[in-house]
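In this note's numbering, the protein residues as written are 3 to 114.
Don't be surprised by glycine CBs; every beta carbon is placed ideally from N, CA and C.
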Amino acid sequence: MAGQPLKRIRSIKIRVSDAELERLREICPKAQLAEWMREQCLGVVQPQRRTPAPTVDPALLRQLAGMGNNLNQIARRVNSGEWGPLDRLRIIAELSAIGRELEELHHDHQIP
Numbered sequence: 003m004a005g006q007p008l009k010r011i012r013s014i015k016i017r018v019s020d021a022e023l024e025r026l027r028e029i030c031p032k033a034q035l036a037e038w039m040r041e042q043c044l045g046v047v048q049p050q051r052r053t054p055a056p057t058v059d060p061a062l063l064r065q066l067a068g069m070g071n072n073l074n075q076i077a078r079r080v081n082s083g084e085w086g087p088l089d090r091l092r093i094i095a096e097l098s099a100i101g102r103e104l105e106e107l108h109h110d111h112q113i114p
């Protein structure tokens with residue numbers, strides 16, 4: 003099919019010595035040896051599969067971790083079965099606050 007990537011269903015296995023494997027790893031600039039060998043032997047260049055993950059601000063990660071901890075505490079209370087009307091109101095208020103914080107974080111850290 004035109005435009006469809008080739009489905010690789012065949013496997014080739016080769017035996018190498020420890021020294022040969024080490025040499026291959028030294029000269030292979032890629033993480034995947036098979037991909038590099040395909041390029042070297044067949045001239046097949048693989049398109050990038052994924053874009054690299056953006057670096058994340060450590061302060062943002064700390065905020066998200068704190069929010070995750072709050073959600074875990076809420077889940078523990080929900081699963082304990084100890085819910086009175088005031089507890090429910092307080093939990094709804096907490097969840098609303100977390101929702102607002104998430105919206106702020108989303109707004110502040112959007113990638114243009």
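Considering only the alpha carbon of each residue, which of the options lies closest to residue i?
| i | options | result |
| --- | --- | --- |
| residue 65 | 49, 107, 10 and 85 | 107 |
| residue 14 | 49, 90, 36 and 92 | 36 |
Compare the beta carbon distance of residue i and residue j with 9 Å and say whether it is the shorter of the two.
| i | j | result |
| --- | --- | --- |
| residue 73 | residue 111 | no |
| residue 46 | residue 52 | no |
| residue 79 | residue 93 | yes |
Work out the CA separation of residue j and residue i for me, nearest whole Å.
| i | j | result |
| --- | --- | --- |
| residue 30 | residue 24 | 10 Å |
| residue 33 | residue 27 | 9 Å |
| residue 99 | residue 44 | 57 Å |
| residue 76 | residue 21 | 56 Å |
| residue 8 | residue 57 | 33 Å |
| residue 49 | residue 18 | 28 Å |
Return the chain-ordered list of same chain residues with a C-beta closer than 8 Å to the C-beta of residue i, the five sequence neighbours on each side being excluded.
| i | result |
| --- | --- |
| residue 97 | 76 |
| residue 89 | 79 |
By Cβ distance, which residues of its chain are closer than 7 Å to residue i, with the 5 residues on each side in sequence left out?
| i | result |
| --- | --- |
| residue 54 | none |
Which same chain residues end up closer than 6 Å to residue i when comparing Cβ atoms and leaving out the 5 residues on each side of it in sequence?
| i | result |
| --- | --- |
| residue 38 | 30 and 32 |
Quick test of the definition: if touching needs 3 or more C-beta pairs under 8 Å, does the segment 59-73 touch the segment 85-105?
yes
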